[in-house]
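Residue numbers (this note's numbering): -13 to 168.
Backbone N, C-alpha and C define an ideal beta-carbon position, used for all residues, glycine too.
Below you can see the structure in the form of structure tokens.
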């Protein structure tokens, strides 16, 4: 097992990385959307999401039930991810998603969220997918919110420090460590 998987905190992320790499290996590269079968990963499905790149933004294609729980049911298919992300995080996340699509690599990372209620880690892994036309416009991922349960609402979001590493989906080899989109 790759070193980065052994460093993960959450079993959901570990399962997702193994599943995604299996899809990529069977596809011989970036998997197609049709390769993804939710029945293959029922334990982590509530944490899984798919976004589609459209005109410089990402639209929600699919989200697991954990997103509804976290964001109070405000996450809807076809909506922009801008609708549920803190404003200062949106540009950084767009850059990360773009990098995944441009490079064809998957990533693993975490954000340390500090606020008066919790000091928690949000862990993510995501990779590119081909749409039904064979274009690399989709990103599939998993987010483990851990103990972060509170909504942003009208509050100012806490500062977020992040660490993101990118990996080759076929070999699992590290391609870029500590990506900083700022």
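- Exclusion of the five residues before and after residue 71 leaves 79 as the residues of its chain whose Cβ lies within less than 7 angstroms of its Cβ.
- Going by DSSP, residue 36 is part of the beta strand (DSSP E) stretching over 34 to 40.
- Counting the other CB atoms within 10 Å of its CB gives residue 118 a total below 16, which places it among the exposed residues.
- Nearest to residue 30 by C-alpha distance, out of 110, 153, 10, is 110.
- In this structure, the alpha-carbon of residue 40 lies about 17 angstroms from that of residue 49.
- With fewer than 16 neighbouring CB atoms inside 10 Å of its own CB, residue 121 falls in the exposed class.
- Counting only runs that start and end inside the region 22 to 93, the beta strand (DSSP E) elements of at least 3 residues fall at 34 to 40, 43 to 49.
- According to DSSP, residue pairing for residue 95 in a beta bridge involves 110, 150.
- Annotation for residue 95: 110, 148, 149, 150, 151 place their beta carbon closer than 7 angstroms to its own, counting only its chain and skipping 5 residues before and after.
- For residue 24 and residue 55, the gap between their C-alpha atoms comes out near 19 angstroms.
- Judged by beta-carbon spacing, residue 83 lies within the 7 angstroms limit of residue 125, meaning their Cβ atoms are closer than that value.
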